[in-house]
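Novice: The structure that follows is given in the form of structure tokens.
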Amino acid sequence: MEVCAIGGDIGFAVVVDVLFCAGIFSCVLESKIARMTDIIRLLPDSVANQIAAGEVIQRPASVVKELVENAIDAGSKSIDVYMKDAGRTQIMVIDDGCGMSETDARLCVERHATSKIKESKDLFLINTLGFRGEALASIAAIAELQLRSKRCDDELGTQVDISATQFVGQTPVQCPDGTTITVKNLFFNVPVRRKFLKSDSAEMNHVRNEFQRVALAYENISFSLTDNKTEIYRVQASNLKQRIVNLFGANIKQNLLNVETETSLITIHGYITKPEYAKKSFPEQFFFANGRFIKHHYLNKAILQAYEGIIPPEKKPCYFIYLETPPDAIDVNIHPTKTEVKFENEKAIFQILLSAVKQVLGKFNVLPTIDFDADSSIQIPVLRPDTQVSIPKTVSNSAYNPFEISDNYNVSRNQGWESLYAGFENEGKQEDKHEQTELFNNATLQTNTHLQLKGRYILTPVKSGLMIIDQKRAHERILFEQFQTQMTFKSSASQQCLFPETVELSIDEMTLFLELENDFAALGFDVRPSDETQVKIHGVPAETGTQNPVMVFCKLLDDFKEPENDLFDEKREKLAAVMAKQYAISYNKTLTAEEMTHLTEKLFVCNMPNFSPTGKIVIHIVKMEEIEGLF
Ligand code: ADP
Ligand code: MG
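Here my numbering is used: position 622 in the sequence shown is 615, and no number is missing along the way.
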């Protein structure tokens, strides 16, 4: 690899760096400095580098990013990151890339030493991750840096040691092909910055984010990340889908939808996730432009727009979108840490992305045009008491969204009778209980008249009108109370798996599981950790029936993170709620008359039948007068 001579850098420096510009005028300044009245000094290199470092290196994660990116630029196939104390004490990056010559190994830590740009026009044709030639110089300014590097054709490698910009030594060494850079005691000479480092776990989160970004951009390279001997990630070279699964856990696999579009302006590929995978917090959202992770607020909007109406407004879709444009159609240099970029034809790209995502969602039949009002008004009259009960006529809507029930719907159906049944909806009062019982009795008197509407609601004529029960929410309530009892009495039955199933977990998921291990056990899960990021499922609660144990378990962990469930103070309650949600019958499940009777009866022996565990309304009564008013 070729490295510019220091002198050659000066032309480039004029383009990119004000501090360095000072060097060009140094002869003028030197004569001035000689005079007593002059006060301007040239900053010593060590200070200038420290200042520049402030821009590039904010925390251990920035070091990891820069070193890993250099390793990628060097054509490595395998890159390993080893850290101590979240990088505070040590960060070591080992690569098997092209290595450096003896001279390059010494030069690469100089400011504006880069092999990637020779003249200013190269700035617009950059295909490498780095190009400013300031990362190594910056790191060397605020830490102790040791570099060992060897090209495959060389007999011996070179070791260079630098501490706070001071050259410590250079020796020939025996070392493997490639480069190993070790950075110790980050910010040891900038105590203020060292003090402002966050807790190890917070710093590790930053490192993990950087690692994920780079691992997602280069699925054909193997990576590992280890901190204090704990291996956090080890991902082998693979395809993109597998890489996503390796990083984010098995549950995401069946939720990925492939996006692929090629236009003369831009090529887009990657994955979006199914609407039901949308998350309220920390959604996995990644854009890459020409192999580089980017943030792009405007293009993010294009994706959100494509999901509009399919997912509740408070939820966010996950996506992994890769954009490829000619390098001169994108400006990567508008931000020092290079995550914000500007495209030449942003408006057009927005439209292309929007329609690509919409098309995929459409193809998977998840684009809805829900018109509840039009649907529901047809069916209520079918159940007038004097009418022969028949299967309600439903207007089938092929674009119907089975995943989420709109809260707006409840609001509009509520109007009118809600106040009349206010007592019913207020939990805990004696008369409410009474009214519930009466309602229940009325309902059971006519058990044969349960009707299922659109695989969603159980309709039952009752004395006061028509009772509508949301089948899924009702079941959630029943299970929620049942699971709580089971946990209290540890009475849950477990069904053993024929073969233990292995599940790979992310570190976060593992931490969560360990926190909840006892509660899981109390519910009938027989799940045992088999190593740091792996558990084996030996048994699952009997209630899960034929559901895939891996999916059941992964979804539980996932749902546990939903902020919607934060309203539960007690972890045990929260787990019961999450479990209930998971195991409850789904919408679109056809129920037999017997099942509907059973569900209704079970619901009315619950302590709080009116509300789902997360507070959504389970039962509505449409008053008789209201029905009659329709005619
Ligand atoms: P930049 O990446 O912007 O060129 P850096 O300071 O990050 O600047 O690196 C300076 C130079 O050192 C690079 O241009 C490259 O030639 C060389 N270099 C750095 N890291 C490696 C590595 N892991 N393998 C081979 N060469 C490297
Ligand atoms: Mg670099």
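From the three backbone atoms N, C-alpha and C, an ideal C-beta is built for every residue, glycine too.
Within its chain, find whatever has a CB closer than 7 Å to the CB of Met589; leave out the 5 residues flanking it on each side and keep chain order.
Specialist: His443, Gln445, Ile451
Novice: Please list, in chain order, all residues of the same chain as Ser39 whose beta carbon is under 8 Å from its beta carbon, the five residues on each side excluded.
Specialist: If we look at Ser39 and ignore the five residues flanking it on each side, its Cβ neighbours are Ala134, Ala157, Thr158, Gln159.
Novice: With three or more beta-carbon pairs closer than 8 Å as the criterion, would you say the segment 279 to 297 touches the segment 239 to 247?
Specialist: no
Novice: Who are the near neighbours of Glu203 in its chain, counting only those whose CB is closer than 6 Å to its CB and skipping five residues on each side?
Specialist: Within the same chain, Glu203 has close Cβ partners Ala54, Val57, Lys58.
Novice: Got a sec? Which residues, its chain only, sit under 8 Å from Leu505 by beta carbon, not counting five neighbours each side?
Specialist: Only Leu550, Phe553, Lys554 meet the Cβ criterion.
Novice: Tell me the DSSP bridge mates of Phe275?
Specialist: Answer is none; Phe275 lacks a bridge partner.
Novice: What are the partner residues of Ile265, as DSSP defines its beta bridges?
Specialist: Leu250, Tyr312
Novice: Tell me which residues share the same chain as Arg206 and place their Cβ nearer than 6 Å to its Cβ, disregarding the 5 neighbours each side in the sequence.
Specialist: Same-chain partners within the cutoff: Phe286.
Novice: Taking 7 Å as the cut-off, is the C-beta of Gly448 nearer than that to any heavy atom in the ligand ADP?
Specialist: No, since every heavy atom of the ligand ADP falls outside the 7 Å radius drawn around the Cβ of Gly448.
Novice: Kindly confirm or deny that the segment 227 to 243 and the segment 494 to 512 touch, where touching means at least three C-beta pairs closer than 8 Å.
Specialist: yes
Novice: For Leu472, which residues does DSSP report across the bridge?
Specialist: Per the DSSP secondary-structure output, Leu472 pairs with nothing in a beta bridge.
Novice: Measuring alpha carbon to alpha carbon, tell me which of Pro493, Glu621, Thr583 ends up nearest Pro542.
Specialist: It is Pro493.
Novice: When the Cα of Lys140 is compared with those of Met85, Ser108, Arg186, which residue comes out closest?
Specialist: The sequence shown places Leu at residue 140, rather than the Lys named in the question. Comparing Cα-Cα distances from Leu140 to each of Met85, Ser108, Arg186, the minimum goes to Met85.
Novice: If Ser142 sits next to Ala98, beta carbons under 8 Å apart, how far is it from one beta carbon to the other, in whole angstroms?
Specialist: 5 Å
Novice: Can you list the beta strand (DSSP E) stretches of 3 or more residues lying completely in the segment 27 to 81, in chain order?
Specialist: 71 to 77
Novice: The ligand ADP and Glu59: does the residue's C-beta get closer than 7 Å to at least one heavy atom of that ligand?
Specialist: A heavy atom of the ligand ADP is found nearer than 7 Å to the CB of Glu59.
Novice: So does Ala54 have its beta carbon nearer than 7 Å to some heavy atom of the ligand ADP?
Specialist: no
Novice: Thr646 to Val228, Cα distance in whole Å?
Specialist: No answer is possible for residue 646: the residues shown for the chain start at -6 and end at 624.
Novice: Among Arg201, Val166, Arg144, Leu100, which has the Cα closest to the Cα of Ile155?
Specialist: Leu100
Novice: Spatial neighbours of Arg565 within its chain, please: CB distance less than 6 Å, with the 5 preceding and 5 following residues excluded, ordered by chain position.
Specialist: Met480, Asp512
Novice: Could you tell me which residues DSSP puts in a beta bridge with Phe280?
Specialist: Per DSSP, the beta bridge partners of Phe280 are Ile287, Ile314.
Novice: Using the Cα positions of Leu643 and Gly448, report the straight-line distance between them to the nearest angstrom.
Specialist: The chain is shown from -6 up to 624; residue 643 falls before or after that span and cannot be answered.
Novice: Which partner residues does Arg141 have in the DSSP bridge list?
Specialist: Gln152, Thr173
Novice: Should the segment 255 to 265 be regarded as contacting the segment 169 to 180, the criterion being three or more beta carbon pairs within less than 8 Å?
Specialist: Taking a cut-off of 8 Å on C-beta distances, the segment 255 to 265 does not touch the segment 169 to 180, as fewer than three cross pairs fall below it.
Novice: Quick check on Gln489: buried or exposed, where buried means 16 or more other Cβ atoms within 10 Å of its Cβ?
Specialist: exposed
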